[in-house]
Each structure stands twice: as structure tokens, then as C-alpha cells.
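Asker: Okay, handing you the structure first.
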Amino acid sequence: MPEYAIEITGLKKTYAGSGGEPPKDALKGIELTIPKGSIFGLLGPNGAGKSTLINILAGLVLKTTGQVRIWGFDQDVNPRQSRASIGVMPQELNLDPFFSPRGALEVQAGLYGVPKSQRRSDEILEMIGLTDKANAYARTLSGGMRRRLLLGKALVHHPHILVLDEPTAGVDIELRNMLWTNVRKLNEQGMTIILTTHYLEEAEQMCDEIAIINHGEVVARDSTRALLGRLDAKTMLIEPENALQGDLHMPDGIEFCPRDDGLLAFNYNRVTISAETVLEAVRDAGIRIKDVKTVEADLEDVFLSLTSSETLV
Ligand code: ADP
Ligand code: MG
């Protein structure tokens with residue numbers, strides 16, 4: 042058994058520029074290990090490099106340099122075994138319109154060399170809720186059904202690792218729930234799950250560990266719990282009676298941030314410091330308070346602050 046599900050070292054990808062565009066460094070030296078048996082989240086804003094990374098794992102995009110080991114198999118040394126260890130549900134709906142769901146699963150199983158006796162198309166169709174559409178023309182399938190079929194295709198060869206690239210972007214709640222139920226079930230059966238999303242909330246609910254990628258680099262990598270600890274950040278905005286003269290000295294844990302609009306912003310962690318403590322510190326600094334409000338860091342804000350920070354690694 043390998044130590045990690047995935048081991049990535051020094052991974053770089055530069056896309057050649059086309060039509061006068063300069064080359065694009067999509068991945069700038071990724072170092073990442075993903076533990077076996079986890080549900081691992083790969084987060085990052087659009088353009089961060091998530092799909093590039095996943096498509097390299099899937100063998101769909103050629104890396105520029107670096108080493109990728111999948112279930113212990115070096116991609117360059119054991120391409121067949123490394124490919125067999127991973128199933129990928131891509132971001133794009135790339136289904137052949139000429140195949141029915143059952144046909145698509147059978148063809149995919151054939152591509153992976155799964156013998157007929159070991160195929161389980163019916164079981165997969167059942168799981169993705171497409172049993173009654175098994176023989177329907179692909180063009181009669183809704184967008185949600187196509188997405189479910191992509192999940193099914195990723196599973197035909199019983200991979201150790203399942204990767205889902207933005208599985209819930211733009212899907213309705215019913216499909217989202219169905220996907221997550223399936224993902225949890227597969228994980229409980231021992232499958233390692235890697236998913237990308239730019240919904241932090243989704244990662245929060247699903248993932249044991251999270252790596253945040255920005256501009257082709259890993260900017261944070263932690264357990265979900267530890268990352269969420271950073272979500273306890275809160276800001277108090279104070280409108281002073283008089284304009285502030287000079288600098289402000291605050292006790293540990295309260296950070297003063299000057300603003301252009303005349304308001305005074307104080308950042309603090311709501312778990313360790315109460316609003317009352319902040320107010321007292323402000324009064325002790327000689328500020329007369331005209332008005333006050335607190336701003337809860339919303340998930341999107343924190344995500345943005347994580348993806349723009351240089352100091353988190
Ligand atoms: P994400 O999935 O996080 O949104 P991508 O991996 O799709 O990010 O893209 C990372 C960067 O690489 C982006 O700047 C994107 O424009 C660029 N990129 C992705 N695919 C290609 C390609 N085939 N050719 C050139 N540039 C690409
Ligand atoms: Mg993407």
C-alpha cells in the first residue's frame with residue numbers, strides 16, 4: 042500500500058501561447074500530498090490552476106516538469122497503473138452524443154480494459170439514478186443527467202481515487218445532494234476523494250483537508266477545521282466623534298486598520314476576544330464613539346483574503 046493517494050513534487054505547467062498570446066504559467070511548482078481515504082478539497086478562484094492540476098492527474102494534460110505519483114505509481118514510470126488508480130469526473134460535459142448511458146459506461150470500461158465479467162454498468166446506473174434512461178439517446182438527457190453520467194464513467198474501473206472537478210458548478214440542489222450522498226458513500230467504502238470547488242461552504246461541509254491554490258501555487262494547506270479557525274475573524278467599524286489624531290495602540294489580538302472613509306476598523310477574533318473588550322480598548326485609547334457596527338467575515342471574503350495573502354503557507 043502506498044503512503045499517500047497522491048504525491049506531487051515540483052509540478053509545473055506552462056501552456057504555450059497561441060495566436061500571439063504569451064505563454065501561461067498555469068502551475069508554478071506545486072508540492073502536495075493527499076492522504077489516502079480522505080475527502081480532499083482543492084479550492085481556488087477561477088483560473089487558479091485547479092483543472093490543469095486535475096487534468097495532469099488524469100493524464101489529459103502533459104505536465105512541463107515535476108513528479109506525480111498516483112497510488113504510489115510514478116506517472117512517467119508506470120503510466121498504466123497510475124491511470125488505473127484514478128477516475129476523473131471532468132469539469133466539461135464531454136459526452137459522445139451517439140452513446141446511451143449504458144453504452145457510454147461499457148465503452149469506458151472497455152477503454153480501461155475491464156473484462157466483461159467485472160463490469161458493473163447496471164450497478165453504476167442505479168447509483169447515478171439513470172436506470173430508466175439506460176438505453177436512451179444521449180441527446181435526450183438533461184444537463185443534470187449528463188453530469189451524473191460523467192460521474193458514472195469515472196467509476197467503471199473501480200479506481201482507488203475519485204476526482205471531481207467543480208461537480209456542483211451551476212447544478213440544482215437535488216443533483217448536488219445526490220452527488221454528495223454518492224461521494225460520501227464511496228468515501229465510506231474506502232475511496233479517496235479529491236474535489237475542486239470555488240464554493241468554500243461546500244468544501245467546509247465535505248472535506249477533511251483543504252489546499253487552496255492561487256495563481257498556480259498552493260497558498261494554504263490545512264485541515265478544514267484549522268482553516269475554519271481563520272473564519273472567526275471579525276471586524277468592528279467605529280465612527281469616531283472626532284477625527285483620529287496620530288496612531289493607535291491596541292492590546293494584543295486587536296488590529297487597527299486605518300480607512301479612507303474616516304471610519305476606524307478593528308480586526309479581532311471573535312472566539313478569543315469579545316466585542317466588549319474591543320469597545321473598551323477603543324475607549325481607553327481616548328476615542329469617543331459616535332456609531333459602531335460589526336462585520337462578520339463572510340465565507341467568500343475569507344476565501345478571497347486567503348487567496349490574496351502571501352503569509353499563509
Ligand atoms: P481553474 O480550473 O482553477 O479555473 P485552469 O487550470 O482551468 O484554472 O486554468 C489555469 C490558467 O491556465 C488560466 O489562466 C487559464 O486561462 C490557463 N489555461 C488553461 N487551459 C489552457 C490551455 N489549454 N491553453 C492555454 N492556457 C490555458
Ligand atoms: Mg477549472
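If you're matching positions, the sequence shown starts at 42 in our numbering and goes up one per residue. Yeah, the Cβ is synthetic: ideal placement off N, Cα and C, and Gly gets one too.
To which residues does DSSP link Q108 through a beta bridge?
Answerer: T50
Asker: Would L192 and I169 qualify as a contact pair, given that the criterion is a beta-carbon distance under 8 Å?
Answerer: yes
Asker: How many Å lie between A316 and L289 at the Cα?
Answerer: 18 Å
Asker: Cutting at 6 Å between CB atoms, please list the residues of its own chain near L216, excluding the five before and the five after it.
Answerer: G185
Asker: Would you kindly check if the distance between the Cβ of P131 and the Cβ of L190 is under 8 Å?
Answerer: no
Asker: Just to confirm, does Y240 get its C-beta within under 7 Å of one of the non-hydrogen atoms of the ligand ADP?
Answerer: no
Asker: Is it right to say D323 is buried, meaning 16 or more other beta carbons lie within 10 angstroms of its own, or is it exposed?
Answerer: For clarity, residue 323 is Val in the given sequence; the question names Asp instead. Buried: at least 16 other Cβ atoms inside 10 Å.
Asker: Helix, strand or coil for N96 per DSSP?
Answerer: For N96, the secondary structure class from DSSP, reduced to helix, strand or coil, is helix.
Asker: Which residue's Cα is closest to the Cα of A252: D301, E72, V118, N223?
Answerer: Considering only alpha carbons, the answer is E72.
Asker: Is it buried or exposed for K331, if we count other Cβ within 10 angstroms and need 16 for buried?
Answerer: exposed
Asker: What are the boundary residues of the beta strand (DSSP E) that includes P281?
Answerer: 274–281
Asker: The alpha helix (DSSP H) with K69 in it runs from where to where?
Answerer: Here K69 belongs to no alpha helix (DSSP H); instead the beta strand (DSSP E) covers 65–76.
Asker: Using a 10 Å radius around the Cβ and a threshold of 16 neighbouring Cβ atoms, would you call M219 buried or exposed?
Answerer: M219 is buried by the Cβ-count criterion.
Asker: Enumerate, from N- to C-terminal direction, the unbroken beta strand (DSSP E) stretches of 3 or more residues contained entirely within the region 127–170.
Answerer: 127–130
Asker: Taking C-alpha atoms, which residue in E242, E282, R161, K275 lies nearest to R266?
Answerer: E242
Asker: Going by DSSP, name the residue or residues bridged to K334.
Answerer: L278
Asker: Any idea if V109 is buried or exposed, counting beta-carbon neighbours within 10 angstroms, 16 or more meaning buried?
Answerer: Looking at its Cβ environment, which holds 16 or more other Cβ atoms inside 10 Å, V109 is buried.
Asker: Please state whether DSSP places G257 in a helix, a strand or coil.
Answerer: coil
Asker: In whole angstroms, what separates the C-alpha of N176 from that of T50?
Answerer: 43 Å
Asker: Based on Cα-Cα distance, which residue from S59, L101, D325, V129 lies nearest to H199?
Answerer: Closest option to H199, Cα to Cα, is V129.
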